[in-house]
């Protein structure tokens, strides 16, 4: 089973997507978009940029947990990961984006 982009509308009226791995775990969440077209462009940007390790910014939160941001060529953040307890967990999450994004289906939730 391949990954999927799960699309939703927030209580704020904005459009969001999450990239889920084959096991259903969310590995990347988007910002809010004003319209579905913007959200769909964001999904395509994840597909385009998610396979290049150079597009990931590895970060450490103030509480010591690890996360990553996927950024486009212009430096804009496309999506943010969940928080991980370990660096290796974060690195596995980055690898999972690369494996799942290109062939992921798009599903409205």
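Numbering (the numbering used here), first residue to last: 160 to 268.
Beta carbons are placed, not taken as given, at the ideal position from N, Cα and C, and that holds for glycine.
Which of helix, strand or coil DSSP assigns to residue i
{"i": "residue 163", "result": "strand"}
{"i": "residue 240", "result": "coil"}
{"i": "residue 208", "result": "helix"}
{"i": "residue 268", "result": "coil"}
{"i": "residue 200", "result": "helix"}
{"i": "residue 249", "result": "helix"}
Contact belief for residue i with residue j at Cβ below 8 Å, rounded distance in angstroms
{"i": "residue 246", "j": "residue 225", "result": "5 Å"}
{"i": "residue 201", "j": "residue 192", "result": "6 Å"}
{"i": "residue 165", "j": "residue 176", "result": "7 Å"}
Length of the line joining the Cα atoms of residue i and residue j
{"i": "residue 267", "j": "residue 219", "result": "32 Å"}
{"i": "residue 199", "j": "residue 223", "result": "33 Å"}
{"i": "residue 172", "j": "residue 212", "result": "32 Å"}
{"i": "residue 244", "j": "residue 253", "result": "14 Å"}
{"i": "residue 217", "j": "residue 195", "result": "28 Å"}
{"i": "residue 249", "j": "residue 259", "result": "15 Å"}
{"i": "residue 186", "j": "residue 179", "result": "6 Å"}
Test item: CB-CB of residue i and residue j under 8 Å
{"i": "residue 229", "j": "residue 251", "result": "no"}
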